[in-house]
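Novice: Numbering (numbering that gives the first Met the number 0), first residue to last: 0 to 137. Cβ atoms here follow ideal geometry from the backbone N, Cα and C, with glycine treated the same way.
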Amino acid sequence: MSRRLDRYKRPLLYVMSSLYLLAGVAHFLAPKSFERAVPPQFPRPLELVYLSGIAEIALGIGVLYRRTRGVSAWGIVALLIAVFPANVHIATSDVLDADLPPRFARVARLVALVRLPFQAVLIAWAWWYTKPIADSQP
0 MSRRLDRYKR
10 PLLYVMSSLY
20 LLAGVAHFLA
30 PKSFERAVPP
40 QFPRPLELVY
50 LSGIAEIALG
60 IGVLYRRTRG
70 VSAWGIVALL
80 IAVFPANVHI
90 ATSDVLDADL
100 PPRFARVARL
110 VALVRLPFQA
120 VLIAWAWWYT
130 KPIADSQP
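Structure (structure tokens):
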């Protein structure tokens with residue numbers, strides 16, 4: 000990444016960590032919503048929801064510490080790749096229709112479609128932290 004972005008690396012680390020922590024907790028607060036996102040060919044969808052929630056929480060914490068940052072960042076990259084089929088399922092099926100009025104379901108589906116290429120941005124963001132942060136803080 001460019002040197003210009005380097006000064007934002009630490010603040011963006013806290014943003015990224017917070018997003019994964021919140022997303023992970025959400026898996027436990029609304030598991031049925033996440034369960035519907037699991038493609039039907041995957042077995043044990045509820046267990047997968049809880050497993051991905053645990054992973055998001057653990058990796059969100061792990062990236063905060065220098066000793067575990069690199070491996071946690073790689074874990075986030077792997078997690079983002081692993082959940083991509085769920086994102087495709089959300090974008091291409093009617094799973095959103097169960098929870099939302101038709102008008103909102105159309106908007107949610109559009110957001111889900113935009114999310115597919117945005118996954119590459121999230122992967123690049125996590126990959127950025129596989130390399131050390133230049134300053135000496137934790």
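Alanine 125: which of Arg3, Tyr19 and Arg6 sits nearest, CA to CA?
Specialist: Residue Tyr19 is the option with its Cα nearest to alanine 125.
Novice: Considering only their Cβ atoms, is the gap separating leucine 47 from valine 62 smaller than 8 Å?
Specialist: No, Cβ-Cβ distance for valine 62 and leucine 47 is not below 8 Å.
Novice: Would glycine 52 and phenylalanine 27 be called neighbours here (beta carbons separated by less than 8 Å)?
Specialist: Contact: yes.
Novice: Given valine 76, which residues of its chain have a CB within under 7 Å of its CB, disregarding the five upstream and five downstream residues?
Specialist: Closer than 7 Å at the Cβ level, and outside the excluded window around valine 76, lie Ile122, Ala125 and Trp126.
Novice: Does the segment 77-96 come close enough to the segment 107-121 to have 3 or more Cβ pairs within less than 8 Å?
Specialist: Touching, yes, given that three or more Cβ pairs across the two stretches are closer than 8 Å.
Novice: Less than 8 Å between the CB atoms is what I'm expecting for isoleucine 132 and lysine 8, so what's the real figure, rounded?
Specialist: Going by Cβ atoms, the distance from isoleucine 132 to lysine 8 rounds to 5 Å, so yes, they are a contact pair.
Novice: Quick check on DSSP: helix, strand or coil for proline 10?
Specialist: Here proline 10 sits in helix by DSSP.
Novice: For isoleucine 60, report the span of its alpha helix (DSSP H) as first-last.
Specialist: Where isoleucine 60 is concerned, the enclosing alpha helix (DSSP H) stretches over 44-61.
Novice: Quick check: what's the CA-CA separation for valine 120 versus phenylalanine 33?
Specialist: Looking at the two C-alpha atoms, the distance is approximately 22 Å.
Novice: Count the other CB atoms, across all protein chains shown, that sit within 10 Å of the CB of arginine 105; report buried if there are 16 or more and exposed otherwise.
Specialist: Its Cβ having fewer than 16 others within 10 Å, arginine 105 is exposed.
Novice: Give the straight-line distance between the Cα atoms of arginine 6 and alanine 107, rounded to the nearest whole angstrom.
Specialist: Their backbone Cα atoms lie some 34 Å apart in a straight line.
Novice: Excluding the five sequence neighbours on either side, which residues of its own chain have a C-beta within less than 6 Å of the C-beta of alanine 22, listed in chain order?
Specialist: Same-chain partners within the cutoff: Glu55.
Novice: In three-state terms, what does DSSP make of phenylalanine 41?
Specialist: DSSP places phenylalanine 41 in coil when its eight states are reduced to three.
Novice: Quick test of your reading: leucine 79 and glutamine 118, contact by CB under 8 Å. State the CB separation rounded to the nearest angstrom.
Specialist: Yes, they are in contact, since the Cβ atoms of leucine 79 and glutamine 118 sit about 6 Å apart, within 8 Å.
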